[in-house]
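Chains B and Z, in that order, are what the protein sequence lines are.
Residue 270 in this note's numbering sits at position 267 of the first sequence, and the numbers go up by one each step.
Residue 240 in this note's numbering sits at position 237 of the second sequence, and the numbers go up by one each step.
The C-beta atom is built at its ideal place from N, Cα and C for all residues, glycine as well.
The model shown is predicted, which means the values in this text are computed figures rather than measured ones.
Number of protein chains: 2
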Amino acid sequence: MSGLAAVAKLAQVSPATASRALHRPEMVARETRERVEQAAEQLGYRPNQLARSLRTRDSRTLALVVTDILNPFSATIAKAVQDTADQSGHNLFLFNSDEEPDKERRALETLRGHLPQGLIVVPTPGARENLELVPDLPVIELDRASGRPGAYTVMVDNRGGAYQAVRHLLDLGHTRIGMIVGRRNISTAQERYEGYCQALDEAGLPYQEALVLPGNHREEDGRQAATQLLSQPAGVRPTALFVGNNEMTVGAVLAARQLQLSLPGDLSVVGFDDSRWARTTTPSITVIAQPTYQLGQLACQRLIQLMSGVAPPEAHTRLPTTLIVRESTGPPPAR
Amino acid sequence: MSGLAAVAKLAQVSPATASRALHRPEMVARETRERVEQAAEQLGYRPNQLARSLRTRDSRTLALVVTDILNPFSATIAKAVQDTADQSGHNLFLFNSDEEPDKERRALETLRGHLPQGLIVVPTPGARENLELVPDLPVIELDRASGRPGAYTVMVDNRGGAYQAVRHLLDLGHTRIGMIVGRRNISTAQERYEGYCQALDEAGLPYQEALVLPGNHREEDGRQAATQLLSQPAGVRPTALFVGNNEMTVGAVLAARQLQLSLPGDLSVVGFDDSRWARTTTPSITVIAQPTYQLGQLACQRLIQLMSGVAPPEAHTRLPTTLIVRESTGPPPAR
DNA sequence: CTGAAAGCGCTAACAT
DNA sequence: ATGTTAGCGCTTTCAG
């Protein structure tokens with residue numbers, strides 16, 4: 004670990020000049036600069052970012068908190084944010100809240116000591132409170148809204164997407180359409196639920212409490228909810244299911260399989276969020292696809308913009324979703 | 004950002020004592036300590052880790068470099084390492100090399116300035132050279148070996164796993180067994196290849212060059228290799244395929260599907276590394292499962308141990324693999 | 001047990 | 001254009 008002082012000495016300049024030569028080339032005579040650069044090269048000098056950040060109060064570090072790194076959605080977000088941060092010369096701390104407000108809080112506490120310049124967070128239900136831990140930090144909320152006043156968010160059109168999904172099922176002739184929704188205290192789940200209700204409402208179908216089951220976003224939750232919904236006799240159970248996220252869709256489809264219901268003959272399924280699994284399972288699953296990578300990319304771009312003091316053009320950015328019709332949806336069974 | 008000075012003032016002690024009260028409780032009178040703790044609490048004090056690290060030369064920061072964050076294998080590793088690091092109070096920088104030595108090098112250069120205490124890396128083929136950038140850093144190589152002398156590695160028994168896979172196919176009666184191997188300059192691929200060869204050899208079957216195709220670890224590579232291997236007429240093409248990693252297995256199975264080969268009737272497939280996809284696709288895929296989470300966990304534990312100056316008990320740790328027989332393997336087609 | 005003082009490596013004022 | 005000085009926030013000698 005040779006420091007700047009060593010470089011300065013070798014180049015026969017003061018440390019200040021060495022620093023300038025490396026970070027503010029235009030402030031230094033070309034000849035001097037070259038001498039410093041060469042010395043740095045020769046010694047394999049790497050600036051100590053800690054010292055630098057301490058002095059400049061600028062860590063060039065961003066942080067991302069996702070809710071479940073094992074979910075391909077989160078992994079894609081992580082890659083997108085990482086790529087984007089990298090391009091602008093920022094480092095990224097990655098945290099995983101596992102949907103637990105408490106882990107999220109601990110992540111933010113840790114973060115605080117590292118003076119990140121900005122934060123992208125997929126908020127848990129506790130985020131509104133947790134984010135008070137970092138009051139002066141530029142934050143972008145991704146995929147969900149915590150409900151904090153004045154927050155900047157980057158999300159998809161959940162309501163519209165859900166509406167599309169249910170509309171598709173209605174068009175096929177379904178009238179008993181169930182939904183496996185996420186936790187209602189998460190904006191994404193709530194909005195998808197509203198889209199579901201709206202589509203039913205417009206079609207003049209009554210809302211049936213018994214057809215809507217909550218889940219906690221994991222595969223197992225989807226399996227349990229679907230099992231309950233589908234264990235009822237034909238003629239009573241739903242003929243179609245709209246499932247609120249990718250993981251629960253897997254669970255729901257596996258449950259249907261286990262109950263020996265064939266897709267789409269006995270049951271149609273539409274999932275929210277595309278995945279390789281949905282594309283390649285048999286039958287392939289009709290989904291509402293989200294532009295996941297772009298979501299992460301945009302969030303990071305917005306954050307960097309925000310950090311530079313420019314308020315984003317809009318507080319809430321919505322990206323559109325796309326209905327991808329595959330093999331898991333068809334007309335309801337003849338009764 | 005109220006600093007330690009503010010806390011000290013409020014508690015009516017010197018900054019030095021405040022620091023001790025918070026980090027070396029035993030060196031301070033109980034009464035004083037309580038006063039400081041209270042002051043810290045009241046001001047919402049968070050130590051500036053940058054300053055702390057600069058002074059103590061201990062950043063409590065680890066770094067993990069994976070090769071493809073979108074691969075569930077990497078995501079599981081990331082979660083495991085994150086969890087383990089968290090438990091011992093370490094922060095984690097996560098990087099993604101995308102299998103590119105150049106990205107790996109950039110990650111390490113960046114890292115260097117942040118003075119991480121240790122590094123876990125899934126090495127790219129350039130790692131041996133790249134790791135010279137951080138000569139004094141404790142490093143654990145995970146899943147693969149870079150070939151650096153004296154390196155510590157945590158891996159699975161690739162050779163044994165591959166042997167198991169091929170042995171299983173041999174036991175079913177297959178004699179034309181193909182392999183889609185990864186890049187041979189990656190130890191994991193090489194070892195799995197050796198296991199394949201060994202099994203064939205022991206069974207007295209000749210090695211057939213034409214049955215072994217390389218791939219670059221991605222789904223698309225698996226698809227292409229399998230397409231080439233399986234486009235030959237029945238009676239010539241292999242009746243079974245051993246595929247070197249999870250992503251390529253997906254590609255291979257999709258290729259077989261596209262060629263209208265039924266599994267396991269026309270073709271048996273064994274993949275390396277289990278996944279949800281393998282478990283739930285139809286037919287489900289026989290695999291060699293790895294203890295992925297434990298791999299990450301163990302690597303992190305070893306690293307922390309290594310950082311504390313204790314040399315791990317062994318330079319190379321191998322975890323065992325397990326053959327999980329599912330529906331994609333059966334006897335070869337009657338000729 | 002506590003305080004004063006020095007300094008981690010760097011950069012920003014301020015001089016020259 | 002360059003050097004000198006001071007200090008980011010913290011911890012750690014070294015005294016007392």
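A straight line joining the alpha-carbon of T230/B with that of A213/B spans about 13 Å.
Against chain B, the CB of H26/Z has no partner CB under 7 Å away; the residue lies outside that interface.
The C-beta distance from M251/B to V215/B rounds to 13 Å, too long to meet the 8 Å contact threshold.
In this structure L322/Z is not in contact with P286/Z, their Cβ atoms being roughly 28 Å apart against a cut-off of 8 Å. When the beta-carbon positions are compared, G185/B and R162/B stay at least 7 Å from each other.
For S22/B, there is no enclosing beta strand (DSSP E); the residue is part of the alpha helix (DSSP H) that begins and ends at P18 to H26. Taken through DSSP and simplified to helix, strand or coil, L53/Z comes out as helix. Flagged as an interface residue toward chain Z: T285/B, by a C-beta distance shorter than 7 Å. Interface flag for H117/Z against chain B is set, since a Cβ pair is found closer than 7 Å.
When rounded, the separation of the alpha-carbon atoms in P316/B and K12/Z is 43 Å. Per the coordinates, the alpha-carbon of R23/B lies some 12 Å from the alpha-carbon of P50/B.
Per DSSP, the unbroken alpha helix (DSSP H) holding E37/Z starts and ends at R33 to L46. Interface residue (Cβ-Cβ distance to chain Z less than 7 Å): R282/B is not classified as such.
Inter-segment contact for the stretch 124-134 of chain Z and the stretch 61-70 of chain Z is present: three or more beta-carbon pairs are separated by less than 8 Å. Here DSSP, grouped into helix, strand and coil, assigns I183/Z to strand. Between H171/Z and L270/Z, the C-beta spacing is not below 7 Å. The residues A24, T35, R38 and V39, in chain order, have a CB closer than 8 Å to that of V16/Z in the same chain once the five nearest residues on each side in sequence are set aside. In the DSSP annotation of this structure, H93/B is not part of any alpha helix (DSSP H), being labelled neither H nor E. In this structure, the beta-carbon distance from P335/B to T242/B falls below 7 Å. Residue Y296/B holds the alpha-carbon nearest to the alpha-carbon of V159/B among R240/B, Y296/B and E222/B. Neighbours of S56/Z in chain B, taken as residues at a C-beta separation under 8 Å, are given in chain order as L53. Under the three-state reduction of DSSP, S271/Z is assigned to strand.
For the C-beta of L122/B, not a single chain Z residue is nearer than 7 Å; the gap to the nearest is close to 14 Å. Of all C-beta pairs linking the stretch 297-311 of chain B to the stretch 81-100 of chain B, three or more are shorter than 8 Å, placing the two stretches in contact.
Within the same chain, Cβ atoms closer than 8 Å to the Cβ of L175/Z are found at A243, S271, T332, G333, P334 and P335, the five residues on either side in sequence being excluded. Scanning its chain for C-beta atoms nearer than 6 Å, with the 5 sequence neighbours on each side dropped, one finds around R187/Z the residues Q193, in chain order. For M251/B, the uninterrupted alpha helix (DSSP H) segment begins and ends at N249 to Q261.
DSSP, reduced to helix, strand and coil, places G153/B outside both helices and strands of the structure shown, so it counts as coil. Assigned with DSSP and collapsed to three states, R329/B falls in coil, not helix or strand. Three or more Cβ pairs drawn from the stretch 219-226 of chain B and the stretch 245-262 of chain B lie within less than 8 Å of each other, which places the two stretches in contact. Contact annotation, T320/Z with V84/Z: C-beta distance approximately 15 Å; criterion of less than 8 Å not satisfied. Buried is the label assigned to G274/Z, since at least 16 other Cβ atoms lie within 10 Å of its Cβ. Against chain B, a Cβ distance below 7 Å from P50/Z picks out G116. When R60/Z, L7/Z and G150/Z are compared, the shortest CA-CA separation from A43/Z is found for L7/Z.
Annotation for F76/B: N249, D276 and T295 place their beta carbon closer than 7 Å to its own, counting only its chain and skipping 5 residues before and after. Around F96/Z, the beta-carbon contacts reaching into chain B at under 7 Å are N94 and F96.
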